[in-house]
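Same order as they appear, the protein sequences are chains A and B.
The opening residue of the first sequence carries number 1 in the numbering used here; numbering runs sequentially from there.
The opening residue of the second sequence carries number 1001 in the numbering used here; numbering runs sequentially from there.
By construction, the Cβ of each residue, glycine as well, lies at the ideal position given by its N, Cα and C atoms.
There are 2 protein chains.
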Amino acid sequence: MTEAASGIQVIDRAVSLLDALARENRPASLKVLSAETGLHPSTAFRILASLTEHGLIGRDSANLYRLGPRLLQWAGRVSAGLDVREAARAEMEWLRDQVGESVNLTLRDGDQMVYVERAIPNRMMRVEQVVGSRAPLHVTAVGKLMLGESGAAAVREYARRTGLPAYTANTRSEVDVLLQDIETSRRRGYALDDEEAETGVGCIGALVRDATGSAVGGLSVSAPMERRREEWIPLVREAALRISRRLGYHAPDG
Amino acid sequence: MTEAASGIQVIDRAVSLLDALARENRPASLKVLSAETGLHPSTAFRILASLTEHGLIGRDSANLYRLGPRLLQWAGRVSAGLDVREAARAEMEWLRDQVGESVNLTLRDGDQMVYVERAIPNRMMRVEQVVGSRAPLHVTAVGKLMLGESGAAAVREYARRTGLPAYTANTRSEVDVLLQDIETSRRRGYALDDEEAETGVGCIGALVRDATGSAVGGLSVSAPMERRREEWIPLVREAALRISRRLGYHAPDG
DNA sequence: TGAATCATTCCGTATTATGAAACGTATTTG
DNA sequence: CAAATACGTTTCATAATACGGAATGATTCA
C-alpha cells in the first residue's frame, strides 16, 4: 500500500517488501507479502530470495520471512559524521537516571526528526518512542531548535511545504506563533514541547553539535506533562553539551 | 571488492554500494563508491539516487553519500519473533552494573553469532563489540551453547562446513574437544569462552529462550581475562532467564 | 581565467527482470 | 486415507528495464 516510486523498479519493489515486513512486525509468508505490496507472487519470491541471499531477510523454519540481522550491520553505521549514538549512550543513561524519565536522541532527516537512540526508565508509566520512528520538526522540542538553526526564511519555507499539521490543540500551526516559539527557544538554548505532539506528553530538548559547530541532532526528555520539572532544564543542556564535546565541539567563546 | 552475486543484478549492486558505504564508515563520494564497487559511475549514480529517494542513503552538504536513517526503522524490527532487544535492554544494564563489564546480546545467524545489543561499563579498559558484527559459533560462549541445542550430528556438520578455524591458541578447533566443551556447557546451563576468540578476553554466556522454549540467542559478559569472576555465572544466568521470561518462556518443570 | 575533476543527464541497445503458467509439496477436508 | 486445496518454487518466452558510453553541467584547483 505505502508505495514509493522512483528511479529503479526493482529497488522500489525490494524496499516496499522490506517495508511491508517491518510494518507487519512479525514473520510473514510470501502470500501475505505479495498481497501487501501488490506484487506478483513470482516476482515477490524472486526479490525476496535475492534479499535473503544478502542477509537482509531471514527465513523461519516455517518458511516465513523476517527482517535479517545484516540490517543491524548497516544501521550501526548510521550517524552524522562521527558516531553520535556511540557518544550519546552513556550520557543518555546518566540523564535518564537523573530525571527518571525517557531520554531520546534524535537526528534530523529532511523535514522530520528521527528517533535514533533512547534510554527509558524503569517505571510503570513512561513515554516511549520506537527507534527509527519519526515526527515532524515543528511538534518536537529538538525539531524547533533545528528549525531555529536555519533562519526565519527557511522556517517559512518549511511551513509552506508541510502546512504545519496540528497533532494536538497545542501544536503551533500558525507560522508566526511557531516563529516566536523558535526564536525564544533559540535564545534560551533549550526548547519545550508542551503537549504539541501528543496530549499529556511534555518534553525538554537541547541541541547536540559536532566539531564544526553545526547541529547534528538533539537530546530530549519526554515525560507525562504533570511530572515534567523545570529543574531538568540545566541537566538536559548539560548532557547535550557533554555529548557535543565528545563529538569535538568547542563552545564559541570559552 | 567484497562481492556477492545471486538472483537480481540491481539488488546485488545496491547491496554492494551500501556495504561499501558501511565499510568506509564515513561519508563517501560517488567516485570512491563506484571505484570501490567496480560499478560504472553512471550506474552507481542511478542506484544511489534511487536508494537516496528511499532514505536508505542520505546526502551531505558536500554531495557525499552516507547511510540513511531509514535503515534504523528496519533495524529496529530485526528480532526473533518478539523483540528480544526490547526485552533485553533493562536486564543488560542491570547485569553490566552488577559485574562492571561489557554485556552483549547475540542472535544466531546461520553459522555465526551477530552482536545485536550491548551495554558497556564506564571504565578505561573494557571489551567492546560493534553492534552488527559477527563471530563464528565455536569461538563464543553463547555460540557453543547454540550448537549444543542442535545435537552432536549438527555440530559435526558445522565443523565440516567451517573447518573450525582457530582464532587463538585456545580455540577448540578439534571436533572432539569442541563436542566435549559443548556437552559440559549444555549440562551446566552456561558456557565459558577462555580466550578462544581473542587472547586476553574471557566470556561467560547463557541462552535466551522464547515462549516455545527454543533458543533465540544469548547473553554474555565479556571481560579482560584476569578480571573475570566465577561469581558472575549465576548473575548471567539470572539475567538471561529474566529476558527469556519476558519473551514468554516458562521453565520446563517449574 | 583556464583546465581538470567529478557529478549528472541523455539515449539507443541488449540485457535483465518480468509474470503467466506449470510443477512440487505440504496441509486440509470429505 | 484419499482427494483436493493452498501455497511455494521453477521455468521460459517476451518486452520492459536497467545499462553504460558519451555529452553536458557544476566545482575545484592551478
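Inset, instruction - For His1040 of chain B, go through chain A and note every residue whose CB falls closer than 8 angstroms to its CB, in chain order. - result: For a Cβ distance threshold of 8 angstroms, nothing in chain A lies close to His1040 of chain B: the least Cβ distance comes to about 14 angstroms.
Inset, instruction - Mind reading off the beta-carbon distance from Val1084 of chain B to Leu1247 of chain B? Whole number of angstroms is fine, and I expect it under 8 angstroms. - result: Leu1247 of chain B and Val1084 of chain B do touch by the CB rule: their CB atoms are close to 7 angstroms apart, below 8 angstroms.
Inset, instruction - Could you tell me the boundaries of the beta strand (DSSP E) in which Ile204 of chain A lies? - result: Going by DSSP, Ile204 of chain A is part of the beta strand (DSSP E) stretching over 201 to 209.
Legend entry - Residues within the stretch 141 to 158 of chain A neighbouring chain B, beta-carbon criterion of under 7 angstroms: Those residues of the stretch 141 to 158 of chain A that come within reach of chain B (Cβ to Cβ, closer than 7 angstroms) do not exist; the list is empty.
Legend entry - Own chain partners of Glu149 of chain A with C-beta closer than 6 angstroms, once the 5 adjacent residues on each side are dropped: Apart from sequence neighbours up to five positions away, the residues of its chain that approach Glu149 of chain A with a beta-carbon distance below 6 angstroms are Ala215, ordered along the chain.
Inset, instruction - Provide the residue(s) that pair with Gly1217 of chain B in DSSP beta bridges, ordered along the chain. - result: Paired residue(s): B:Leu1107, B:Val1208.
Legend entry - Residues sharing a beta bridge with Val1113 of chain B, DSSP: Residue identity differs from the one stated: residue 1113 of chain B is Met in this sequence, not Val. Looking at the DSSP output, Met1113 of chain B sits in a beta bridge with B:Arg1108, B:Ala1135.
Legend entry - Contact with chain A by Trp1074 of chain B, beta-carbon distance below 9 angstroms: Output row for Trp1074 of chain B: interface = yes.
Inset, instruction - Would you kindly work out how many angstroms separate the C-alpha atoms of Ala159 of chain A and Lys144 of chain A, rounded to a whole number? - result: Going by the C-alpha atoms only, they are around 12 angstroms apart.
Legend entry - Residue of B:Arg1156, B:Asp1194, B:Tyr1190, B:Thr1168 minimising C-alpha distance to Asp1176 of chain B: If we check each option's Cα against that of Asp1176 of chain B, B:Arg1156 comes out closest.
Inset, instruction - Alpha carbon to alpha carbon, how far is Gly58 of chain A from Thr52 of chain A? Give it in angstroms, no decimals. - result: Distance between the alpha carbons of Thr52 of chain A and Gly58 of chain A is about 6 angstroms.
Inset, instruction - Measure the C-alpha to C-alpha separation of Asn25 of chain A and Ala1169 of chain B and round it to an integer number of angstroms. - result: About 43 angstroms.
Legend entry - Within chain B, partners of Ile8 of chain A - CB distance below 7 angstroms: The contacting residues are Val1010, Arg1046, Ile1047, Ser1050.
Inset, instruction - Indicate whether at least one CB of chain A lies closer than 9 angstroms to the CB of Glu1053 of chain B. - result: It does: the Cβ of Glu1053 of chain B has a partner Cβ on chain A nearer than 9 angstroms.
Inset, instruction - Step through the CB atoms of chain A and report whether any lies within less than 9 angstroms of the CB of Glu1183 of chain B. - result: Taking a beta-carbon distance threshold of 9 angstroms, Glu1183 of chain B does not count as an interface residue toward chain A.
Inset, instruction - Determine the DSSP secondary structure at Asp1181 of chain B, reduced to helix, strand or coil. - result: If DSSP states are grouped into helix, strand and coil, Asp1181 of chain B belongs with the helices.
Inset, instruction - Spatial neighbours of Pro1027 of chain B within its chain, please: CB distance less than 8 angstroms, with the 5 preceding and 5 following residues excluded, ordered by chain position. - result: Cβ neighbours of Pro1027 of chain B beyond the five flanking positions: Asp1060, Ala1062, Leu1064, Tyr1065, Arg1066.
Legend entry - Residue-level contact to chain A via CB, Leu1021 of chain B, 9 angstroms cutoff: Interface residue, yes.
Inset, instruction - Verify whether the separation of the beta carbon atoms of Met225 of chain A and Gly202 of chain A is less than 9 angstroms. - result: The Cβ atoms of Met225 of chain A and Gly202 of chain A lie closer than 9 angstroms to each other.
Inset, instruction - Return the CA-CA distance between Gly1007 of chain B and Leu56 of chain A, expressed in angstroms with no decimal places. - result: Pairing Gly1007 of chain B with Leu56 of chain A, the inter-Cα distance amounts to about 14 angstroms.
Legend entry - First and last residue of the uninterrupted alpha helix (DSSP H) at Tyr1158 of chain B: Counting along the chain, the alpha helix (DSSP H) containing Tyr1158 of chain B begins and ends at 1151 to 1162.
Legend entry - CB contact below 9 angstroms: Val1084 of chain B versus chain A: Answer no: the Cβ-Cβ gap between Val1084 of chain B and chain A never drops below 9 angstroms.
Inset, instruction - Under the assumption that Met92 of chain A contacts Leu107 of chain A (Cβ atoms under 8 angstroms), give the Cβ distance between them as a whole number of angstroms. - result: With a Cβ gap of about 14 angstroms, Met92 of chain A and Leu107 of chain A do not count as contacting.
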